[in-house]
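Beneath this line is the structure, given in structure tokens, with notes to follow.
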Amino acid sequence: MYVILRLEGHIREFYPHLQEPTTIFLSRPATVAEILGQAGIPAELPGAVLCGKLRVGLDHVPEDGQELVLLSPLAGG
Amino acid sequence: MISGYAGQTLRINLNNRQSSTSPTPESWKKEYLGGRGFVARAFWEEIKPGTLPLGPENKIFIAPGPYSGQFLSSSGKLHFGALSPATGGYGDSNMGGHMSLELKQAGIDLLIIEGMADTPVTIVIDNGAVSFRDASAYWESDTYVSERRLKEELGEEWQIAVIGPAAVHGVVYACIQHDFGRQAGRTGVGTVMGSKKVKAIAVRGSKDIPLANPRAALAAGEKFMDAVMKQPGYTHWQPYGTPEVVPWASGVGVMPTRNFQTGQIEGYNGLNGPTMKEKVTEIDKGCTSCAIPCGKWGPGVVNGKVKPQEGPEYESIALLGSNLGINDIQQVAYLNGVCDELGLDSISAGNVVAWAMECYEKGYVAAEELGRPMRFGDAEAAAWMFEEIAYGRGFGKLLGQGVKAAAAKVGRGSETFAMQIKGLEISGYEARYAPAMMLSYMTCDVGGHHNRSWAVTFDIATGRENFEGKAERVVWLQHVRPLYDTLGCCRFPWVEAGIEPSTYADFMEPITGVKWTWDELLTVSERIWNLTRMISVRHVPGFGRASDLPPARWTLEGHVDGPTAGKHFTPAQADELLDRYYALRGWDSNGIPRAEKLQELNLGFCVAK
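As given, the protein sequences belong to chains A and B, one line each in that order.
The first sequence lines up with residues 543 to 619 when you count with our numbering.
The second sequence lines up with residues 128 to 736 when you count with our numbering.
In structure tokens, the structure reads:
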């Protein structure tokens with residue numbers, strides 16, 4: 543099984559190998575935190591994680607073939 | 128001639144109430160672009176050593192950028208600068224709203240206000256023609272009342288920047304407010320305006336701004352807007368604005384809490400985006416030509432008292448919320464409204480009052496001296512103290528001089544937890560265990576401010592203990608982020624929606640007629656960074672490495688709880704960060720730009736003769 547990992551915003555700058563949506567192959571269903579760990583991304587880095595356009599937590603288990611979008615935290619005000 | 132500019136510098140002399148214009152120098156367009164660049168270049172030229180921040184020789188510089196309002200989404204930014212009464216050095220602040228385009232359409236690339244009026248005035252700029260209105264009747268009025276009054280007198284189409292009671296009474300962190308909730312908040316630019324007895328600046332303009340290729344600019348702008356609105360980041364962040372970052376900031380331990388004693392606030396969901404949308408936000412509010420209306424308008428509430436206001440943004444939530452021990456978004460919104468109507472920078476005001484609360488809880492300052500008990504979590508007490516500060520009453524008069532001055536007066540070790548750098552109160556990111564962010568604050572040209580380099584995510588991505596690459600990242604960010612202030616744009620399309628910053632180079636040719644590369648734009652930003660450093664070298668006695676050191680709390684104490692409990696770097700490690708940073712910058716070991724670096728950046732005029 544696999545998921546598509548897509549980084550949005552400035553955190554993409556930290557991962558040159560993840561500039562484009564990237565397929566992450568999984569040996570079994572995995573949580574978002576586990577998938578991020580496999581991709582070498584600290585689980586606390588994204589400001590939000592979207593799966594199927596809905597915000598999900600780090601313990602969410604995406605379905606086979608779904609896209610995970612990692613949004614950058616923002617600053618300002 | 129380079130296009131995209133209105134063409135004129137407007138100089139207003141308050142001593143004789145005369146004005147004059149001069150052409151915007153072509154060389155400045157090439158070497159400083161506009162906005163922050165024009166402010167810094169004019170500052171060097173016009174503010175002489177020995178000038179007092181609140182004396183008549185100080186000047187206010189106001190500049191839109193070449194992109195301001197020019198078909199590009201989120202291009203409503205306007206830059207303000209002056210010798211800072213908070214730090215004594217280079218001061219500036221950036222504001223959204225609708226005034227940047229109005230100034231350009233009034234024919235103005237740079238507005239210089241000099242001298243001092245003998246009675247309170249409102250400066251009226253109608254398509255470049257200057258007149259003065261007596262402001263005595265509303266000199267002491269709050270910002271909302273004053274702006275509404277001027278809108279009613281002049282007309283809704285006028286764009287107005289106004290100060291409140293805090294600036295009138297000399298609070299060193301008074302801001303300039305515009306559009307009922309947008310501020311040039313930091314470094315006391317409002318205080319300087321107050322010292323000149325300028326209550327407000329009203330602008331109306333309808334002149335054309337020549338673009339090199341308007342059709343190409345429009346097409347590029349449409350493409351950009353379309354790209355922004357298709358980004359998942361846009362869809363997610365826009366409804367909530369910056370408050371949506373609260374759970375993340377608290378979760379990773381960077382949300383200043385109870386005067387930076389820790390980095391997480393219990394019950395942080397009481398401050399997050401969905402809670403604000405439910406309990407505060409009534410309408411979205413945006414700037415000129417913006418696809419991302421991040422401003423949220425709605426009422427704040429404390430103990431049944433209601434105050435309409437715009438916001439609060441994340442920074443105000445951090446400093447007026449968690450840093451005061453408050454996790455109720457309606458209370459934070461109320462305090463934000465109080466600060467806005469008084470014309471107080473909510474970042475500095477929240478920081479200073481948090482210090483006073485810690486002093487009270489530790490027994491350093493008694494309730495009798497403060498005027499009432501000041502405990503963390505007491506929104507009513509905070510609101511009361513903001514009024515005391517703005518009107519210069521009681522202990523508030525001391526707090527109005529900033530946390531550095533207040534701690535020097537109170538003593539007893541309270542300097543340790545006076546959270547400031549260069550005299551400017553630190554903003555909304557607790558950074559003692561985030562080396563790139565700490566270095567960002569330490570080396571920020573105006574003092575403890577986050578917006579020149581925001582590097583928390585880099586620290587998390589690359590490891591908080593790790594120093595490798597941190598100084599490099601800070602230097603890069605200090606060129607990229609202020610470049611937005613130079614062009615007249617907001618950073619949200621990059622940070623929030625994910626548009627590559629290098630995209631911005633593509634707009635230069637259709638707007639100005641000159642092709643620029645991204646690297647050439649970054650060189651301009653590096654030039655400005657070194658220039659603002661030299662301005663502070665020129666104006667602040669003894670300015671150098673010691674000016675870049677963090678507050679003692681960050682190198683002596685760990686967080687009392689949270690994910691980074693007990694963690695901090697040592698003074699020697701802070702020095703190591705500075706060594707790395709100065710070497711990259713081409714500065715000497717005291718943090719002074721070397722002559723060859725200045726020559727390389729065409730800043731030879733800054734080299735001491």
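Where is the CB? At the ideal position from N, CA and C, for every residue including glycine.
Restricting attention to B/Ser475, B/Ala588 and B/Leu610, the CA atom closest to the CA of lysine 549 of chain B is found in B/Ser475.
As DSSP reads the structure, isoleucine 410 of chain B sits in a beta bridge with B/Trp424. At least one CB of chain B lies nearer than 9 Å to the CB of proline 588 of chain A. Look at tyrosine 265 of chain B here: in three-state DSSP terms it is helix. In the structure shown, leucine 725 of chain B adopts helical secondary structure according to DSSP, grouped into three states. By DSSP's assignment, tryptophan 714 of chain B forms a beta bridge with B/Pro720. Cβ proximity to chain A below 8 Å picks out Arg618, Phe619, Trp621, Val622, Glu623, Ala624 and Gly625 from the region 601-634 of chain B. If you compare the alpha carbons of B/Arg276, B/Cys617, B/Asn657 and B/Phe170 with that of valine 355 of chain B, the shortest gap goes to B/Cys617.
The count of Cβ pairs closer than 8 Å, one atom from the region 496-506 of chain B and one from the region 516-532 of chain B, reaches three, so the stretches are in contact. For alanine 244 of chain B, the closest Cβ of chain A is not nearer than 9 Å. Within the region 193-239 of chain B, the complete beta strand (DSSP E) segments at least 3 residues long are 205-210 and 217-222, listed from N- to C-terminus.
Between the C-alpha atoms of isoleucine 410 of chain B and tryptophan 364 of chain B there is a straight-line separation of about 15 Å.
Within 10 angstroms of the beta-carbon of valine 492 of chain B lie 16 or more other beta-carbons, which makes it buried. For proline 604 of chain A, the closest Cβ of chain B is not nearer than 9 Å.
DSSP places isoleucine 444 of chain B in the helix class (H, G or I) of the three-state scheme.
Distance from the CA of glutamate 586 of chain A to the CA of phenylalanine 594 of chain B, rounded to the nearest whole angstrom, comes to 19 Å. Secondary structure note for isoleucine 662 of chain B: its alpha helix (DSSP H) is the uninterrupted segment 645-666. By the Cβ-count criterion, asparagine 430 of chain B is exposed, with fewer than 16 other Cβ atoms from all chains shown falling within 10 Å of its own Cβ.
Neighbours of isoleucine 553 of chain A across chain B, judged by C-beta separation under 8 Å: Thr584 and Ala588. In this structure, the straight-line span from the alpha carbon of glutamate 609 of chain A to that of valine 545 of chain A is close to 6 Å.
At a C-beta separation below 9 Å, glutamine 358 of chain B has these neighbours in chain A: Glu550 and Gly551. Residue range 341-357 is occupied by the alpha helix (DSSP H) that includes aspartate 353 of chain B.
Ranked by Cα distance from aspartate 688 of chain B, the first of B/Leu730, B/Trp482, B/Val622 and B/Glu557 is B/Glu557.
In the structure shown, phenylalanine 567 of chain A falls within a strand segment according to DSSP collapsed to helix, strand and coil. The beta-carbon of tyrosine 544 of chain A is placed no less than 9 Å from the nearest beta-carbon of chain B. Contact residues of the region 565-587 of chain A toward chain B are Ile583, Pro584, Glu586 and Leu587 (C-beta to C-beta distance below 8 Å). Secondary structure note for glutamine 605 of chain B: its alpha helix (DSSP H) is the uninterrupted segment 597-614. Valine 611 of chain A reaches chain B at Pro359, counting residues in chain order whose Cβ is nearer than 8 Å. Under the DSSP assignment, aspartate 586 of chain B falls in the alpha helix (DSSP H) whose first and last residues are 583-589.
In this model, glycine 282 of chain B and methionine 128 of chain B are separated by some 35 Å (Cα to Cα).
Neighbours of valine 372 of chain B in chain A, taken as residues whose beta carbon is under 8 Å from its own, are Gly589, Pro615, Leu616 and Ala617 in chain order.
Contact between the region 178-189 of chain B and the region 151-158 of chain B is not established, with fewer than three Cβ pairs separated by less than 8 Å. Between the beta-carbon of tyrosine 395 of chain B and that of proline 374 of chain B there is about 6 Å, and that keeps the pair under the 8 Å contact cut.
At a cut-off of 9 Å, the C-beta of alanine 376 of chain B has a neighbouring C-beta in chain A. The alpha-carbon separation between serine 263 of chain B and threonine 246 of chain B amounts to approximately 7 Å. Judged by DSSP in its simplified three-state form, serine 147 of chain B adopts strand.
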